[in-house]
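K.L.:
When we follow the working numbering, the leftmost residue of the sequence shown carries the number 702, and every step to the right adds one.
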Amino acid sequence: NYKKRKSELLARFKDEVCEYKGFVDISRRNEEAEYQRKVQSFSNVRSERFMEEATLLHKEENQRPARNEK
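#1: Look at the alpha carbon of L758 and the alpha carbon of Q764, and state the distance between them as a whole number of angstroms.
#2: Work out the CA separation of G723 and R738 for me, nearest whole Å.
#3: Ends of the alpha helix (DSSP H) at R730?
#4: Between the alpha carbons of I727 and Q741, how many angstroms are there, rounded?
Listed below in structure tokens is the structure:
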């Protein structure tokens, strides 16, 4: 009876450990996906700002009178 209970307990423990490991793996994958989303979002914001600045600079350049005109 003792051996049977011990083996049942070990089996349940192994199941719980596997379940926990699976949960940790899922958690890590979710964290990685969240990290990738944040990086992508940051990258998009940076490129939008860059394009805005480049456009403003381009407009300023076009509004300046040419220096070499006589």
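For each residue, glycine too, the CB sits at the ideal point set by N, CA and C.
P.N.:
Let me spell this out:
#1: Roughly 10 Å between the two C-alpha positions.
#2: Taking C-alpha positions only, R738 is separated from G723 by approximately 22 Å.
#3: In the DSSP annotation of this structure, the continuous segment of the alpha helix (DSSP H) that includes R730 starts and ends at Y703 to Q764.
#4: Their Cα atoms are separated by approximately 21 Å.
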